[in-house]
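Residue numbers for the sequence shown follow numbering that gives the first Met the number 0, so the first one is 0 and each next one is one higher.
Idealized CB from N, CA, C, for every residue including glycine.
Computed from a prediction, not measured in an experiment: that's the story for all the values here.
Accompanying notes for the structure given below.
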Amino acid sequence: MNNNQRLKHLHAALKLNDADIARAATLGGVPTSRNRAKSWLRGKSARRERDGSQQRRFIEISQDEFDAVLIGLRAMLDEADRKNGIYSQQLSPQQNAALARLESLTGTPPLGIEEFESGDISAKQLWQQNIEWLEGVLASAQNLPFPNTEQED
């Protein structure tokens, strides 16, 4: 099976469109247009001529382009998981929900999630990093001077 056939299988299995494939290749480090991604999905028999000009064409996807698509798809799937509140398959649904609440409060993704996924830190260390960071933010906020809004009589 060549890379174009593999890409067609991914295309069908993940219900991707040509724009998704172009975005994945670009995220993977190979800037790609939507038209080029479309040409990867066509069969070799897609060449059709009308009035002497080629209307459709097939382009063989290179190994580098295919690898870039795979890298980009992984990034896109991770992004989708985070949007759905799934930070790690190794954490419980409650822990993932707590990380989602933390992100909604702080506006930033949880600290150390990449290190946790790669196995460099434990779940306890992941939580400790985020708790310490949040405590630091709260301490900084408490030290800010706020004007006195109470009226003195």
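- For the pair residue 111 and residue 56, the Cα-to-Cα distance works out to about 45 Å.
- Ranked by Cα distance from residue 72, the first of 60, 19, 43, 94 is 19.
- Beta-carbon to beta-carbon, residue 96 and residue 68 are separated by about 32 Å, too far to satisfy the 8 Å threshold.
- DSSP places residue 118 in the coil class of the three-state scheme, outside both helix and strand.
- Judged by DSSP in its simplified three-state form, residue 125 adopts helix.
- Assigned with DSSP and collapsed to three states, residue 71 falls in helix.
- Rounded to the nearest angstrom, the gap between the Cα atoms of residue 8 and residue 134 is 48 Å.
- Note that the C-beta distance between residue 109 and residue 102 is below 8 Å.
- Collapsing the DSSP output to three states places residue 130 in a helix.
- Take the alpha-carbon of residue 138 and the one of residue 129: they are about 14 Å apart.
- Take the alpha-carbon of residue 3 and the one of residue 78: they are about 25 Å apart.
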